[in-house]
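**Q**
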C-alpha cells in the first residue's frame with residue numbers, strides 16, 4: 077500500500093480487452109462532461125476508485141452516498157471501462173496518476189485507451205458544431221484514427237494529463253488516442269462534449285447514447301460545472317496548458 | 005503582446021444572483037472581457053460601464069432551482085447573473101462594443117490613450 081496513487085477495484089470484476097474512456101477534468105471540462113454523460117446514459121456500474129495522498133482531501137455525496145471523486149465504471153460485459161473525476165487533478169499528481177493508470181490499463185489488457193479532451197479555440201463562440209481532432213501514440217492508434225476518418229492534429233504541443241497518458245501508454249506498448257474537441261478554454265462546454273461523444277461512438281459501437289439531451293440541458297450543466305471549471309483552470313495554468321497555443325520549433 | 009488572464013472565484017448570493025464565470029484579457033490597446041451566461045437571452049443582458057468599472061446584469065430565461073445546494077443543503081433559486089469588475093486600466097466607455105452569441109458575452113473596451121510625440125534631438 078505504499079504506491080503514490082492507488083487504483084482500487086471491486087473484487088471479481090472481469091475485463092475482456094476493454095476500450096478505456098478517460099474523462100479527467102481539462103479545458104472546457106469536455107472529458108468530464110462527456111464521460112459522466114456516457115456513464116449515466118449507458119447505466120454503467122461503478123467498479124472502483126482512485127486514491128492518493130496527492131489529491132485534494134475531498135469526497136462527494138451523491139443521493140446520500142459517500143463517493144470518491146475519482147471513479148472507475150464498466151459496462152456489464154467488461155468491454156468498456158470509463159475513468160472520470162469530479163475534482164481537478166493537482167499538477168503534482170499528473171505523473172504518478174498517469175503512470176498508475178497506464179500500469180492498470182496494461183494489467184487489464186486494454187485494447188485501446190481514449191482520452192476525451194478539449195482543444196481551446198479563440199473563436200469558439202462563432203462555432204456552432206465543434207470539430208474533433210485526434211492524436212495517436214503509435215502506428216496502430218494512427219491507423220485506428222484513419223480508419224474512423226478522424227481529422228489529425230498534425231503539429232503542436234499538448235499539455236496536461238492526456239499528454240502524459242499518451243506517453244505512459246506508449247512506454248507500455250498500449251494503443252492510445254486523444255480526441256480533442258474545439259472548446260472554450262475557461263468555460264464548461266457541453267457542446268464540445270457532445271461532439272466528442274459522437275467521435276467516441278465511432279470507436280466503440282457499444283456506446284449508443286444520443287447527445288440530444290446533453291445539448292438541450294447545456295445551460296444547466298454549465299451552471300453545475302462552474303466550480304470544477306474554476307479549479308481546473310487554476311490547475312491548467314500550472315500544467316503549461318498555455319503552450320498548446322504555441323508552435324513547436326522543429327525544422328521540417 | 006502580453007495576454008493577462010484573470011479568473012476570479014465565482015460565488016452565489018442568497019438574493020438570487022449568481023456570479024458568472026468570466027475572463028479578462030489585456031490585448032494591448034483594448035481590454036477584452038468575456039462572460040459565460042448560460043440560460044440568458046440577449047435582450048435580458050444589461051451592461052454598464054464607467055471609465056474604470058464594468059457591470060453586467062443578465063436575467064435568466066427561467067429561474068434555476070436546486071433542492072439541495074452544496075453542504076448547506078437548502079433549496080436555492082437563481083434568477084440572474086450579476087458581476088461588477090474593476091478594470092485594470094481606464095477605458096473609453098463610449099467606444100465600448102459588445103457581442104452576445106451562444107450564451108457568451110464578449111465586451112471590447114478600448115483603453116484611454118494619450119499619445120505624446122517624442123522628438124529626436
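Chains as they are written, first to last, in this note's numbering: chain D, 77 to 328; chain S, 5 to 125.
Backbone N, C-alpha and C define an ideal beta-carbon position, used for all residues, glycine too.
#1: Can you name, in chain order, every residue of its own chain whose Cβ lies under 6 angstroms from the Cβ of residue 52 of chain S, other than the five neighbours on each side?
#2: Would residue 86 of chain D be called buried (16 or more neighbouring beta carbons within 10 Å of its own) or exposed?
#3: Helix or strand or just coil, what does DSSP make of residue 307 of chain D?
#4: Starting from the C-beta of residue 11 of chain S, find all residues in its chain whose C-beta is less than 7 angstroms away, skip the five residues before and the five after it, and write them out in chain order.
#5: Which of the three DSSP states, helix, strand or coil, is assigned to residue 98 of chain D?
#6: DSSP on residue 138 of chain D, reduced to helix/strand/coil?
#7: Let me make sure I understand the geometry here. Which of S:122, S:115, S:117 and S:107 has the alpha-carbon closest to that of residue 43 of chain S?
#8: On the three-state DSSP scale, how would you describe residue 40 of chain S?
#9: Can you list, in chain order, the residues of its chain with a C-beta nearer than 7 angstroms to that of residue 244 of chain D? Leave out the 5 residues immediately preceding and following it.
#10: Where does the unbroken beta strand (DSSP E) through residue 30 of chain S begin, and where does it stop?
#11: For a contact defined as C-beta to C-beta under 7 angstroms, what are the partners of residue 299 of chain D on chain S?
#12: What is the DSSP secondary structure of residue 226 of chain D, counted as helix, strand or coil?
#13: What did DSSP end up calling residue 97 of chain S once you bin it into helix, strand or coil?
#14: Chain S partners of residue 296 of chain D, CB-CB under 9 angstroms?
#15: Does the structure place the region 117 to 133 of chain D close enough to the region 253 to 261 of chain D that three or more beta carbon pairs sit under 8 angstroms?
#16: Span of the alpha helix (DSSP H) holding residue 172 of chain D?
#17: Would residue 263 of chain D pass as an interface residue toward chain S - the criterion being a Cβ-Cβ separation below 8 angstroms?
#18: Helix, strand or coil, according to DSSP, for residue 34 of chain S in the structure here?
#19: Closest to residue 305 of chain D by C-alpha separation, out of D:287, D:288 and D:263, would be which residue?
#20: Is the shortest distance between the beta-carbon of residue 113 of chain S and the beta-carbons of chain D less than 8 angstroms?
#21: Is there a C-beta anywhere in chain D that falls below 8 angstroms from the one on residue 86 of chain S?
#22: Contact criterion: CB-CB distance below 8 angstroms. Does residue 77 of chain D meet it with respect to chain S?
#23: Tell me which residues of the region 20 to 32 of chain S have at least one Cβ-Cβ distance to chain D shorter than 8 angstroms, keeping chain order.
#24: Please confirm whether residue 112 of chain S and residue 98 of chain S have their CB atoms less than 8 angstroms apart.
#25: Using the beta-carbon count (16 or more within 10 Å), is residue 139 of chain S buried or exposed?
#26: Please give me, in chain order, every unbroken run of the beta strand (DSSP E) with length at least 3 that falls completely inside the region 208 to 281 of chain D.
#27: DSSP three-state label for residue 196 of chain D, please.
#28: In terms of DSSP beta bridges, what is residue 191 of chain D paired with?
#29: Based on the DSSP secondary-structure assignment, which residues constitute the bridge partners of residue 64 of chain S?
#30: Identify the contact partners of residue 106 of chain S in chain D, using a Cβ-Cβ distance below 9 angstroms as the criterion.
#31: Going by DSSP in three states, residue 82 of chain D sits in which element: helix, strand or coil?
#32: If we define contact as Cβ-Cβ less than 8 angstroms, is residue 218 of chain D a contact residue for chain S?
#33: Ends of the alpha helix (DSSP H) at residue 112 of chain S?
#34: How would you label residue 142 of chain D, buried or exposed, when you count the other beta carbons within 10 angstroms and need 16 or more for buried?
#35: Quick one: list the residues of chain S neighbouring residue 135 of chain D, beta-carbon separation under 8 angstroms, in chain order.
**A** Quick answer:
#1: 59
#2: exposed
#3: helix
#4: The pLDDT assigned to residue 11 of chain S is 38, lower than 50, so where the model puts this residue is not dependable, and the model offers no usable value.
#5: strand
#6: strand
#7: S:107
#8: strand
#9: 174, 175 and 178
#10: 25 to 30
#11: 42 and 68
#12: coil
#13: helix
#14: 42, 43 and 68
#15: no
#16: 170 to 183
#17: yes
#18: strand
#19: D:263
#20: no
#21: no
#22: Caution applies to residue 77 of chain D, whose pLDDT of 47 falls short of 50 and renders its modelled position unreliable; the value that the coordinates give is listed next. No, residue 77 of chain D does not count as interfacial toward chain S.
#23: 22, 25 and 27
#24: no
#25: Because chain S here runs from 5 to 125, residue 139 of chain S falls outside it and cannot be looked at.
#26: 208 to 212 and 252 to 259
#27: strand
#28: D:98 and D:254
#29: S:44
#30: 200, 201, 202, 203, 204 and 267
#31: strand
#32: no
#33: Where residue 112 of chain S is concerned, there is no enclosing alpha helix (DSSP H), although the beta strand (DSSP E) it sits in stretches over 108 to 114.
#34: exposed
#35: Residues of chain S passing the Cβ test: none, with the nearest at roughly 12 angstroms.
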